[in-house]
Amino acid sequence: MIRRTIFEWETIRYGMGEDEIPTHAADRIAAAASASLLAGHGGGGVIDHGRKGLRARGVVGVIATEVCALEILPKIDVPGDNGPEAVSNIRRRLVHMLAVALDLKIDVGKLTELDWQRDTLLEILIRLFSEKLADAVRQGMPRRYVGHNDDLPLVRGRLDVKRQFTTLAADPSLLACRYDALTVDITLNQIMKAAINRLRRTARTADNQHRLRELALAYADVSEVSAATFRWEKVILDRTNNRWRDLLNLARLLLGGQFQTTSAGGSDGFSLLFEMNTLFEEYVARTLSKALVGTDLRVVSQGGRLYCLEGPGSKGLFQTRPDIQVKRGDKVIQIIDTKWKRIGNLLDDPKRGVSQGDVYQMMAYGQLYKCDRLTLLYPHHASLKNAEGLQSANKVAGGTQWVETATIDISRGKNLGERLCAIVEHQLEDHSFPGGQGDYGFPAEYSLR
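If you're matching positions, the sequence shown starts at 1138 in the working numbering and goes up one per residue.
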């Protein structure tokens, strides 16, 4: 099977070379990508299918067909690493982001055992899921009492008197019984079986295939139900089955969940894709929320929902949903909007690559939510001359709000919460910029006073 790895916004050319992809394999990859919900109406939201190659967009993950698997990784600067080592570290960081965003508890020992250089992101996630599920099954599958109505030769449970003397009146050899029976054929197990069946068609490593075959045998008595019909909100986790919470989240991820969509049509292909804008936002929000526990601040993600305009009959128009609100009590003290793109140095562009639309949006947030601190948060990268943290701050003309640009280095997972808190706790009036205000090279009209 052909396997290729590229980074977001990169192009892989057609050909038979090690860094190329055969034309017939590229056609199948493009077709599978266009079937994803993330592809949009035109089908090009994941990959641009050009004449000379395939170009990735702002979506990462794995697209697999019978003949080829294309892995798309995020652009994360890993200091000091080159080649395969850098790729394996980026896979590790991406899995960590998914674990935080989905509130997954992944054993550190399991992570160290994974072959980060050889396996693709998909194979790594399949292994994490299948090993965790195998361990859980050994401890016992969840069961539940389910009510049954059966006509039996002997009484079981209690007699359904009405049915006995109406429907079965002419056949006294049968008794209308109502009883409860303990069964494994419940929604939680049906979800696990659906994930097993999906992954058996896509797993390529021998270990994953073997483990999934064994799991399929363990779930032989569970009904096969289409993932599209699942009522995820109906799954109840209590003290008896709470250990299955992480597995449920992983199954939801692999079957099509919060950050991605999967698509499979027989042998047409399978995609496990993540929109980095959404993943980065959730990763930052959850990390910051945990870091602020015990303080007088709290995080509200995708909240607010105030309207920019009042329409006829006081009906609101153009609803807003700031990515992150940092609140003290009911007061919004900071609004953070995450942007998965790279900003430039001030010498390259006085606007630092910040779009005009983003600035307008932040100004609207400041007005609607009565907040003076508006922060655009980007991933840090090696070409920035300053360390991570606050990069610039400009006061809104004629107003009291400040629009900041800040960066966070996600290549370093250690103390990420503390580093995000440092951005939140920074106060403009302190003039406490690393290296002094002059290092930021602000135009004179934007200098802090």
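Glycine included, every Cβ here is placed at the ideal spot set by N, Cα and C. Bear in mind that the values here come from a model prediction, so they are computed numbers and not experimental data.
Secondary structure remark: continuous beta strand (DSSP E) runs of at least 3 residues inside the segment 1378-1437, in chain order: 1407-1412. Assignment of T1304 by DSSP, reduced to helix, strand and coil, places it in the coil class. When secondary structure is reduced to three states using DSSP, R1465 falls in the strand class. A direct Cα-Cα distance of roughly 7 Å separates I1227 from V1215. Cα atoms of L1239 and L1384: separation of roughly 11 Å, rounded to the nearest angstrom. By the criterion of at least three beta-carbon pairs nearer than 8 Å, the segment 1368-1382 is not in contact with the segment 1167-1186. Here the C-alpha atom of Q1346 lies approximately 31 Å from the C-alpha atom of F1417. Distance from the CA atom of V1491 to the CA atom of N1326, rounded to whole angstroms, is 47 Å.
Separation of V1199 and A1193 (C-alpha to C-alpha, rounded to the nearest whole angstrom) is 11 Å. The shortest C-alpha to C-alpha distance from P1221 to any of I1143, T1202 and F1302 is the one to I1143. Below 8 Å, enough C-beta pairs join the segment 1497-1509 and the segment 1527-1540 to call them touching: three or more. Per the DSSP secondary-structure output, R1281 pairs in a beta bridge with T1320.
Pairing V1463 with V1421, the inter-Cα distance amounts to about 12 Å. Using a 10 angstroms sphere on the CB of H1161, the tally of other CB atoms stays under 16, which defines it as exposed. Y1282 counts as exposed, since fewer than 16 other beta carbons sit within 10 angstroms of its beta carbon. Approximately 31 Å separates the beta-carbon atoms of A1388 and I1473; this is outside 8 Å, ruling out the contact. Setting aside the 5 residues that flank it on each side, V1183 is surrounded in the same chain by A1170, S1173, L1175, A1176, R1194, V1196 and L1410, each with a C-beta closer than 7 Å to its C-beta; the list follows chain order. Counting only unbroken stretches of 4 or more residues, the alpha helix (DSSP H) elements lying wholly within the segment 1222-1254 are 1245-1250, in sequence order.
Cβ contact annotation for D1344 (same chain, cutoff 8 Å, sequence separation greater than five): R1264, in chain order. Taking the C-beta atoms as reference points, L1429 is found no nearer than 8 Å to R1465. Nearest neighbour of Y1316 by Cα position, chosen from T1303, L1336, K1330 and H1285, turns out to be H1285. A residue is called buried when at least 16 other Cβ atoms come within 10 angstroms of its Cβ; P1309 does not meet this threshold and is exposed. Non-local beta-carbon contacts of E1525 in its own chain, meaning distances under 6 Å to residues more than five positions away in sequence, involve H1517, T1544, I1545 and D1546 in chain order.
M1413 sits away from W1369, with the two beta carbons spaced by 8 Å or more. Taken atom to atom, the span from the alpha-carbon of G1406 to that of D1252 is near 24 Å. Per the coordinates, the alpha-carbon of T1415 lies some 18 Å from the alpha-carbon of G1550. By alpha-carbon distance to T1366, the top candidate from R1335, V1359, T1324 and A1353 is T1324.
In this chain, the alpha helix (DSSP H) harbouring N1345 covers A1343 to A1355.
In this structure, the alpha-carbon of L1354 lies about 16 Å from that of T1320. Under DSSP, W1539 takes part in a beta bridge, and its partners are R1510 and K1532. Closest option to R1255, judged by alpha-carbon separation, among R1229, P1279, D1185 and K1242: R1229. L1289 and L1312 have their C-alpha atoms spaced approximately 5 Å apart. In the structure shown, E1208 falls within a strand segment according to DSSP collapsed to helix, strand and coil. Cβ neighbours of E1260 within its own chain (closer than 8 Å, five residues either side excluded): A1340, R1341, T1342 and N1345. Around the CB of A1519, fewer than 16 other CB atoms lie within 10 Å, so the residue is classed as exposed. Annotation for Y1497: the continuous alpha helix (DSSP H) segment containing it runs Q1493 to L1505.
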